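Asks: After the structure tokens below, expect a handful of questions from me.
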Amino acid sequence: MRLFIEKLVLAAVAISASASICMGQNAPFPLPEFEVLMMDGEAYHSDYDFSSAVQAYSEALRKCRDSTRRSEIEKKLSQSRNGQSMAGFCQRPKVVARKNFSRKDFFLYYPLADRSWRPAPNRLDSLGSADSPVVWFPRGSREAYWSKADRRGVHNIYYARDLGTMWSSPYKMPFSSSEDEIFPMVSGGKLYFASKGLFGVGGYDIYVCERRPDGRWGEPRNMGFPYSSPHDDFLFINSPDGKYSIFASNRNCSADSVSVYVLEYEPVPVSSAIRGAEDLQKLCRLDPPKNLKKVDNKNAMSAGKTADANTELYAHKAAEVRRLREEISRVNRELKTLRSFYANASPSEKEEMAEKIVKKEARLPGLQSQLVAANKDLQKTEMEFLMHGVLIERSRVEAESDNEVVGAESSYTFTRRSLGSSDF
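The numbering used here puts the first residue of the sequence shown at 1314, with every later residue one more than the last.
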């Protein structure tokens, strides 16, 4: 009997060693089947193959009996299902540039006021964290949004406003989840932030809140692909000049760096479905174009300098006319795209698209009225200059304006800002 038991033990060890060698592991025992399925699911999910990931996680859940591991599988399964859902509403922004920076100071290359980033710890965030080592607090701010760790060590977003003689008590934003929220930024009248705990596809996703008529922020909405991904995505802003949208991600770089993506700003983006994993991968790579006829050779991170105040004023008003023309053209292109999709859409999709079409059509009269007013203002400025003997090099200003077209990566200049003081 003893010899029989020893043979069973030796056989079990041999099978275990063989399985470990086949799996390329040094573990004394082979992984349970549900663990292998989880690894498969993670690989599929990382490659944007959410359908296969859902199948792998569902099978892992069926085979797993450990309550703790089941919770982990359920979370990953939920994220893969979120990916399937989000694939139905993807945007296709035009890429301007992509450049890798150190994770320690990538935020200093954003087009924001110099010394507006404050190192943590500081009086707003007394702890700081590896994921959010700074707070954005420009000089003269009347309100502040920041990420701060609670007693559990989880970072939530807080808000305070300047009451004149003192600041209000910090207010914890109601959308806080059970996991970290970092890099809150108010940009273009909207609140952007990154979260690990809200509806998303894993890691940090990027969310946006619209301001309600009563001044409060609405419910956060995941910005979807390609802004969010299975990796860490954060720090979204729209540039002050209204030309670009910028965010950071670690989806295509080493662990100690992040990629900063510069995209052409889209005031009213159009969403459409992308179901194939390869197409989703391509979209979320956000590769800059290689060949463009026109490029922006100016420093996009600054407003630039004009010869004098009169030229600067004229250039500003000419830029407003150009911006309105481009926006009207963009809305018309988006309407054309929506109408073409509408013809082949399902009944439920048609209802949603019809609502978008009506909203976009309603914007056109207002934009056209603004364009008429901006043209009149520009002409009035020209007449006033002529009456006072001021000559504007109109051809030069217009030529420079025409060159301000979104270009390739080499056309975009990243400028490093200085870090402000933590004592503010």
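Glycine included, each C-beta is placed from N, C-alpha and C at the ideal position.
Bear in mind that the values here come from a model prediction, so they are computed numbers and not experimental data.
Can you tell me which of the three DSSP states Y1655 falls into?
Replies: Residue state, collapsed to three classes: helix.
Asks: So for K1595, helix, strand or coil by DSSP?
Replies: Helix at K1595.
Asks: Thinking A1457 and A1473 are a contact (beta carbons under 8 Å), I'd like their distance in whole angstroms, please.
Replies: Between A1473 and A1457 the Cβ distance is about 5 Å, and since that is below 8 Å, they are a contact.
Asks: If I measure Cβ to Cβ from K1663 and keep anything under 7 Å in the same chain, skipping five residues before and after, which residues do I get?
Replies: Closer than 7 Å at Cβ, skipping near neighbours: Y1655.
Asks: On a CA-only basis, which of R1564, S1570 and F1698 is nearest D1360? Give me that one, please.
Replies: Comparing Cα positions, the closest option is R1564.
Asks: Give the DSSP-derived three-state secondary structure of M1498 in the structure shown.
Replies: M1498 falls in the strand class under three-state DSSP.
Asks: In whole angstroms, what separates the C-alpha of S1570 from that of A1561?
Replies: Between S1570 and A1561, the C-alpha separation is close to 10 Å.
Asks: Could you check the C-alpha separation between G1501 and V1409 for me, to the nearest Å?
Replies: One C-alpha to the other measures close to 19 Å.
Asks: Specify the secondary structure class of E1387 as computed by DSSP and reduced to three states.
Replies: Note: E1387 maps to helix in three-state DSSP.
Asks: Thinking just about the alpha-carbon of each residue, which of N1413, S1384 and E1492 is nearest to the one in K1509?
Replies: Selected option, being the one with the closest Cα: E1492.
Asks: Quick check on I1587: does DSSP put it in helix, strand or coil?
Replies: Three-state result, I1587: coil.
Asks: Can you list, in chain order, the residues of its chain whose CB lies under 8 Å from that of S1429, leaving out five sequence neighbours each side?
Replies: Once the five neighbours on either side are set aside, the close Cβ partners of S1429 are W1449, F1450, P1451, R1452, R1730 and G1733.
Asks: Mind checking E1674: buried by the 16 CB within 10 Å criterion, or exposed?
Replies: The residue is exposed, with fewer than 16 neighbouring Cβ atoms inside 10 Å.
Asks: Kindly list the residues whose CB is nearer than 8 Å to the CB of L1677, restricted to its own chain and excluding five residues on each side of it in sequence; keep chain order.
Replies: The residues are I1641, V1644 and N1645.
Asks: What are the start and end residues of each continuous alpha helix (DSSP H) run of 4 or more residues lying completely inside the region 1539–1581, in chain order?
Replies: Entirely contained in the region 1539–1581, not one alpha helix (DSSP H) run reaches 4 residues.
Asks: Sort P1424, C1597, K1595 and R1378 by Cα distance to Y1557 and report the nearest one.
Replies: With distances taken between Cα atoms, Y1557 lies closest to P1424.
Asks: Look at the alpha carbon of G1537 and the alpha carbon of Y1627, and state the distance between them as a whole number of angstroms.
Replies: Answer to the nearest angstrom: the Cα atoms are 39 Å apart.
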